[in-house]
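**Q** My questions will all concern the structure given below.
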Amino acid sequence: MKKIILLSSLLFLIGIQVSNAQKGKEVIIGLGGAFTSTWIVNQNFYGEPELDYAPKTGYALSLNLGYDFTEKMGVATELQYSTQGQKYSGKQSWESNVFNPVDRDIKLTYFNLPIFFKYRFGTGNTRFRFMAGPQFGFLMDATQDYDRESTNGGSTSTYVLDKTGKVFDVTAPNIKDRIENMDIGIAIDVGADISLSDQFFVNAGLRLNYGFTDINSAPYQLQKHDGTDYAPSNNLWGGVYFGINYRLDVQGYSQRSF
Numbered sequence: 000m001k002k003i004i005l006l007s008s009l010l011f012l013i014g015i016q017v018s019n020a021q022k023g024k025e026v027i028i029g030l031g032g033a034f035t036s037t038w039i040v041n042q043n044f045y046g047e048p049e050l051d052y053a054p055k056t057g058y059a060l061s062l063n064l065g066y067d068f069t070e071k072m073g074v075a076t077e078l079q080y081s082t083q084g085q086k087y088s089g090k091q092s093w094e095s096n097v098f099n100p101v102d103r104d105i106k107l108t109y110f111n112l113p114i115f116f117k118y119r120f121g122t123g124n125t126r127f128r129f130m131a132g133p134q135f136g137f138l139m140d141a142t143q144d145y146d147r148e149s150t151n152g153g154s155t156s157t158y159v160l161d162k163t164g165k166v167f168d169v170t171a172p173n174i175k176d177r178i179e180n181m182d183i184g185i186a187i188d189v190g191a192d193i194s195l196s197d198q199f200f201v202n203a204g205l206r207l208n209y210g211f212t213d214i215n216s217a218p219y220q221l222q223k224h225d226g227t228d229y230a231p232s233n234n235l236w237g238g239v240y241f242g243i244n245y246r247l248d249v250q251g252y253s254q255r256s257f
């Protein structure tokens, strides 16, 4: 965690140093939020038969900090609280003519730290922007609601062996030990900045986050029940982002005489 914060600070310092001769330098401070559709890209967990995806929504809230070292280019980061996860629904078939209806809701909470490189274009009060960069996600909590019924006399056993030989209950509500503590991915934002005054502006856009890390911790990376290879699980969310921001003209401030 400390290394990530230091990396973020270093990127901002580099941006400040290379921008000494540029115009348009501004510090940006703001608040933001997003309404999201969240996914875990894998229909199979703990070697069980696959389930169908079901819609799941989430949200993100953030404290934002940015530095524009030219009128078009800058860097930005967010201290972001994000709810993520996946809902599944369907019938699992463990043997011929035996189906178990299943509903599962995985609830993940992350503290995300994206580091964006920003490019803006356009003139006037509305300027379009594109932002992209790495994102570091730190798991805060992981729970699930898991309901599996038996039909046609099928078994409802929910106990499975992990890779170390330890028995665990796949329906247990607390699953934080089964999820990796850190998720490294990419964040992309396409939107617009709309000026309200010389100091204040709002922004809106589309946000997409994808995690490159397999979120299943090592003991729970189990082969599929039919003997096929294990498939990793990756976080994905996309949504609509809104923010309100205050900008401080660093160049103008530094040129004032007192």
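Just so you know, numbering that gives the first Met the number 0 puts 146 at position 147 of the sequence shown, and the rest follows in order with no gaps. We put the CB at the ideal spot given by N, CA and C, even for glycine.
#1: With three or more C-beta pairs closer than 8 Å as the rule, is the region 81-92 touching the region 116-134?
#2: So what does DSSP say about Ala230, is it helix, strand or coil?
#3: Helix, strand or coil for Asp168, going by three-state DSSP, please let me know.
#4: Under three-state DSSP, which class holds Lys106?
#5: Below 9 Å between beta carbons: does that hold for Phe115 and Thr69?
#6: Please list, in chain order, all residues of the same chain as Gly238 whose beta carbon is under 7 Å from its beta carbon, the five residues on each side excluded.
#7: Would DSSP call Lys175 helix, strand or coil?
#8: Please classify Glu25 as buried or exposed, where buried requires at least 16 neighbouring CB atoms within 10 angstroms.
#9: Taking the beta strand (DSSP E) that Ser61 falls in, what are its first and last residues?
#10: Do the region 130-141 and the region 158-172 touch if we need at least three Cβ pairs shorter than 8 Å?
#11: Lys165 and Gly46: beta carbons closer than 9 Å?
#12: Given a cut-off of 9 Å on the beta-carbon distance, is the pair Asn244 and Asn63 in contact?
#13: Return helix, strand or coil for Tyr219, following the three-state DSSP convention.
#14: DSSP state of Val239, grouped into three classes?
#15: Taking just the CA atoms, how far does Asn215 sit from Glu148?
#16: Rank Gln143, Ala217, Asn111, Leu195 by C-alpha distance to the C-alpha of Asp161 and give the top, closest one.
#17: Below 8 Å on the Cβ atoms is my contact criterion, and I expect Val40 with Asn180 to pass it. Report the Cβ-Cβ distance as a whole number of Å.
#18: Can you tell me which of the three DSSP states Arg246 falls into?
#19: Would you identify the three-state DSSP class for Ser253, choosing helix, strand or coil?
**A** Reading off the structure:
#1: no
#2: coil
#3: strand
#4: strand
#5: no
#6: Ala33, Phe34, Thr35, Ser36, Arg206
#7: helix
#8: buried
#9: 56-67
#10: no
#11: no
#12: yes
#13: helix
#14: strand
#15: 25 Å
#16: Ala217
#17: About 19 Å; that fails the 8 Å criterion.
#18: strand
#19: For Ser253, the predicted model reports a pLDDT of 48, less than 50, meaning its position is unreliable; a value from the coordinates is still stated below. Ser253 falls in the helix class under three-state DSSP.
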